[in-house]
Amino acid sequence: MDPLEPASFNHCFAHVNGIKLHYVDEGSGPTTVLCVHGFPDMWYGWRYQIPFLVSLGYRVIVPDMRGYGQSDAPSDVSSYTAKNVVQDLVSLLDVVGVHKAVWAGHDWGGVHVWRAAMWHPERVAGVVSFCTPFAPTAPEMVPLAQTVAEKIPKWAYQLYFRRFESIAELNKEIPLFMTALLRTYDDMPGTSLFRPLDSLPIDQRTITDVRGISRNRLLSEQELQYYISEFSRNGMAGPTNYYRVQELTWQEEHDAGFCENSINNKCMIVTAAYDKALPASLTKSMEKFIPRLMRMHVEDSGHWVLVEQQAQANAALKLFLDSLTTDAANL
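Here my numbering is used: the first residue of the sequence shown is 2, the next is one more, and so on.
Structure follows, in structure tokens:
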């Protein structure tokens with residue numbers, strides 16, 4: 002496995018939950034780690050973790066999520082709810098013959114590994130989330146616009162992604178979008194797309210004000226071109242659909258009785274000091290809902306911690322996996 006050569010990984014396809022899912026399957030250990038990417042990412046976001054985990058003796062399954070890369074991108078927005086996306090992953094575990102896995106997620110992948118522990122706790126041996134805090138299902142639906150206006154103005158970009166008009170706009174600018182977003186924390190452009198709500202109306206947000214921006218050192222030219230080519234397969238409709246299902250996801254969880262639900266699995270949250278979208282402060286109350294929570298903080302990193310500080314990300318995974326082994330030995 003060569004992180005700079007996507008073709009050097011073992012690529013597979015499975016039909017699950019009504020769609021075709023592309024995934025990488027490496028290693029053959031008794032314990033499986035399921036790695037779940039976020040936005041705008043794909044299986045390749047875990048390219049530095051896959052060989053490391055295999056070297057430790059783990060099997061590693063890493064899919065392109067619904068809507069991404071070589072996986073199918075259904076047009077039905079309602080199929081992107083957290084419950085259904087988690088079902089994709091549970092069905093994938095069925096196909097590969099794994100009953101219980103350690104679920105690791107980053108960004109939106111963090112959302113889904115937390116939700117897996119709610120919907121399918123019997124399939125979860127543990128949860129590691131990079132950057133993404135656990136948020137229990139609220140007793141009442143809180144619209145994203147209200148959250149942005151009252152609590153987290155930096156999330157105004159999510160309101161832009163919810164707009165269907167953003168699909169065509171982003172499809173025209175996939176190379177620019179990838180070049181501008183996949184960067185180290187100390188070289189992130191201040192595009193209008195990511196400015197707080199009160200600084201620019203949603204319908205005036207754009208990525209084009211950074212046209213001409215150069216590739217950042219986070220990625221080689223070869224890596225950047227792979228991202229551009231993979232996102233050009235199906236465009237941005239599928240990836241942005243994850244932002245459009247907040248109300249549907251809440252309703253499914255509310256109907257299932259998940260309000261203020263706790264997670265009993267052993268878990269780890271890995272925070273990054275310079276993650277502007279998901280700052281460590283958002284994780285401060287997690288022990289209330291996850292009693293068996295481990296923490297690790299990566300100081301010199303932004304949002305793309307899996308690449309920006311790959312050694313520390315790998316160390317976090319090893320620390321957590323070792324703790325599960327120790328727990329099992331002490332039972």
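Using N, Cα and C, we set each Cβ at its ideal position, and we do this for glycine too.
Quick caveat: nothing in here was measured; it's all calculated off a predicted structure.
- Message: What does DSSP give as the partner residue(s) for Met297 in the beta ladder?
- Response: Val271
- Message: Can you give me the C-alpha to C-alpha distance between Gly127 and Asp328, rounded to a whole angstrom?
- Response: 12 Å
- Looking only at C-alpha atoms, which of His38, Asp42, Ile20, Tyr45 sits nearest to Asp77? Ile20
- Which of the three DSSP states, helix, strand or coil, is assigned to Ala105? strand
- For Cys36, the nearest candidate out of Leu54, Ala15, Pro280 (CA to CA): Leu54
- Query: Is it true that the region 303–316 meets the region 167–174, where meeting means three or more beta-carbon pairs spaced less than 8 Å apart?
  - Reply: no
- Item | Three-state secondary structure (DSSP) of Leu35 | strand
- With DSSP as the reference, label Val97 as helix, strand or coil. coil
- Message: Below 8 Å, how does it come out for the region 99–112 and the region 133–142: are there three or more Cβ pairs, yes or no?
- Response: yes
- Message: Threshold first: 3 residues or longer. Then list the beta strand (DSSP E) segments lying entirely within the region 112–190, N to C.
- Response: 125–131
- Message: Cutting at 7 Å between CB atoms, please list the residues of its own chain near Ser167, excluding the five before and the five after it.
- Response: Tyr161, Thr241
- Task: Return the CA-CA distance between Leu332 and Ala139, expressed in angstroms with no decimal places.
- Result: The predicted position of Leu332 is uncertain, since its pLDDT is 41 and thus under 50; a value taken from the coordinates is nonetheless stated next. C-alpha separation (whole angstroms): 35 Å.
- Query: According to DSSP, which residues form a beta bridge with Pro64?
  - Reply: Tyr24
- Message: Could you tell me the alpha carbon to alpha carbon distance between Glu222 and Arg184, rounded to whole angstroms?
- Response: 12 Å
- So what does DSSP say about Glu6, is it helix, strand or coil? strand
- Determine, using beta carbons only, whether Ile62 and Asp26 come nearer to each other than 7 Å. yes
- Thinking just about the alpha-carbon of each residue, which of Met237, Arg206, Trp120 is nearest to the one in Gly258? Trp120
- Query: What are the boundary residues of the alpha helix (DSSP H) that includes Ala15?
  - Reply: Element bounds for Ala15: not the alpha helix (DSSP H) but the beta strand (DSSP E), 12–17.
- From Arg293 to Thr272, what does the alpha carbon distance come to, in whole angstroms? 17 Å
- Task: Let me know if Cys268 comes out buried or exposed under the rule of 16 or more other beta-carbons within 10 Å of its beta-carbon.
- Result: buried
- Sort Ser302, Tyr243, Val306, Lys277 by Cα distance to His113 and report the nearest one. Tyr243
- Query: If we call anything under 7 Å between Cβ atoms a contact, is His23 one with Gln71?
  - Reply: yes
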